[in-house]
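Worksheet for the structure shown next.
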């Protein structure tokens, strides 16, 4: 009789915990298929620990040491790192070195946000449904900032499946899209080889003929892209648009971030009944869902994490720099209401019963 495997069970290469410790970081990944954002940390040199939190279709993640933003089905949720409260978190005291608490929610509606990025205190998003880069704030569902030259008007029809953005000096530099089409879901007609990279400032196509490109990133003054449907990490020459395969990943690659000399890349299994994927050559290959770590200088895969169940697709992967064990309190968990923070002091409210049996908050300074 087979034993039941616990949800989110994963295996990993023996060196991954030690590598995370050496790099002094944790990972954050989003899986819209499982409805989770998962934080992955090293407990010691041999063991990883996961912290899954539930969200409705989480996609893009923007993360830094002080704040975190997560794009969901109809909202962008902003968290702040209340690090002074971490050691006194009532549910797990003396556990976390950071504690992200929900602080704001922007109600965007179903605009299908993919990549998300902080520029200072400003949130910029790839708005896939409306084919544009957009500002996310309290004024509107979104404010369009840029659109590809071939998009005649901003309309909710996903004309080109704009999905990724690479930043340089906190400004959007390159974007990826699955096509250069200007009709409703026109990108689907040539999704295997219709992908493009565009330069934002010149609003021009610098590379084309790509196989479902995602997650453009600038590392060491070079442009790297995940050619998802081919399962490759590629380097794009921004002068002539030629691509060079850095490493074959043997999976649908999407979601990428770098720390030190290492790039962490998400791999997904393909939905067998999906009209977007089932006719791609990669759909006939067998591969796992998880994360691979590539040593960028050599192009070698040096570590991996593999999900055995629950997680089949990953969208984003983000490094949480300098954090060995971050905590995340979702807005769905009641304890976030008990956390009171100010610039000078922090408090945890403790629920107690008074003499009449009624619930009453007793506020204590951390």
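Numbering (the working numbering), first residue to last: 16 to 381.
Where is the CB? At the ideal position from N, CA and C, for every residue including glycine.
For clarity, every value in this text was computed on a predicted model and none was experimentally measured.
- Message: Using a Cβ-Cβ cutoff of less than 7 Å, which residues in the same chain neighbour residue 222 once the five nearest sequence positions on both sides are dropped?
- Response: The sequence position of residue 222 within the chain shown is 207, counting from 1. For residue 222, same chain residues with a beta-carbon under 7 Å away, outside a window of 5 residues either side, are 211, 212, 251, 256, 258 in chain order.
- Query: Beta carbon of residue 41, beta carbon of residue 56: below 7 Å?
  - Reply: Translated into positions along the chain shown, residue 41 becomes position 26. Translated into positions along the chain shown, residue 56 becomes position 41. Cβ distance < 7 Å, so residue 41 and residue 56 count as in contact.
- Could you work out which residue in 117, 99, 271, 334 is closest to residue 110 when comparing CA atoms only? Locating residue 110 in the chain shown gives position 95, where the first residue counts as 1. Nearest option by C-alpha distance: 99.
- Item | residue 16 burial status per 10 Å Cβ neighbour count (16 or more: buried) | Numbered from its first residue, the chain shown carries residue 16 at position 1. Since pLDDT at residue 16 reaches only 42, below the 50 mark, its modelled position is unreliable, and the value read off the structure follows with that caveat. So residue 16 counts as exposed.
- As assigned by DSSP and simplified to three states, the class of residue 350: As a first step, residue 350 is located in the chain shown; it is residue number 335 there, counting from the start. Per DSSP, reduced to three states, the secondary structure at residue 350 is helical.
- Message: Using DSSP's beta-bridge definition, name the partner residues of residue 210.
- Response: Counting from one through the chain shown, the residue named residue 210 turns up at place 195. For residue 210, which the question treats as bridged, DSSP gives the partners 225.
- Would DSSP call residue 321 helix, strand or coil? Sequence index remark: in the chain shown, residue 321 carries index 306 (1-based). Strand, per DSSP.
- Per DSSP, the bridge partner or partners of residue 183: Here residue 183 corresponds to residue number 168 of the chain shown, with the count starting at 1. Paired residues: 186.
- Message: For a test of the three-state rule: what should DSSP assign to residue 116, helix, strand or coil?
- Response: The residue you call residue 116 lines up with position 101 of the chain shown. The answer is strand: DSSP assigns residue 116 an E or B state.
- Query: What are the start and end residues of each continuous alpha helix (DSSP H) run of 4 or more residues lying completely inside the stretch 108–154, in chain order?
  - Reply: none
- Task: Report the residue from 352, 329, 177 whose alpha carbon sits nearest the alpha carbon of residue 47.
- Result: The residue labelled residue 47 in the question sits at position 32 within the chain shown. Ranking the options by Cα distance to residue 47, first place goes to 329.
- Reducing DSSP to helix, strand and coil, say where residue 237 ends up. In the chain shown, the residue the question calls residue 237 occupies position 222. Of the three classes helix, strand and coil, the one that applies to residue 237 here is strand, per DSSP.
- First and last residue of the uninterrupted beta strand (DSSP E) at residue 67: Within the chain shown, residue 67 is the residue found at index 52, counting from 1. Here the beta strand (DSSP E) through residue 67 covers 63–69.
- Message: Quick check: the Cα distance between residue 132 and residue 142, rounded to an integer number of angstroms?
- Response: For the purposes of this step, residue 132 is taken as residue 117 along the chain shown, with counting starting at 1. For the purposes of this step, residue 142 is taken as residue 127 along the chain shown, with counting starting at 1. Distance between the alpha carbons of residue 132 and residue 142 is about 12 Å.
- Where do the ends of the beta strand (DSSP E) carrying residue 328 lie? To locate residue 328, count along the chain shown from 1; it is residue 313. Note, residue 328: premise wrong, no beta strand (DSSP E); not H, not E.
- Message: Do residue 337 and residue 80 count as a contact pair if the criterion is CB distance below 7 Å?
- Response: Counted from its first residue, the chain shown places residue 80 at position 65. Counted from its first residue, the chain shown places residue 337 at position 322. Contact flag set, yes.
- Item | Close Cβ partners of residue 125 (< 8 Å) along its chain, the five nearest in sequence each way excluded | One-based indexing of the chain shown puts residue 125 at position 110. If the five residues before and after residue 125 are omitted, its C-beta is found closer than 8 Å to the C-beta atoms of 88, 89, 144, all from its own chain and listed in chain order.
- Message: Please report the straight-line C-alpha distance between residue 347 and residue 363, rounded to a whole angstrom.
- Response: Position 332 of the chain shown, counting from 1, holds the residue named residue 347. Position 348 of the chain shown, counting from 1, holds the residue named residue 363. If you take the alpha carbons of residue 347 and residue 363, they lie about 18 Å apart.
- Can you name, in chain order, every residue of its own chain whose Cβ lies under 6 Å from the Cβ of residue 120, other than the five neighbours on each side? Along the chain shown, one-based indexing puts residue 120 at 105. Counting only Cβ-Cβ distances below 6 Å, and skipping sequence neighbours, we find 90, 92.
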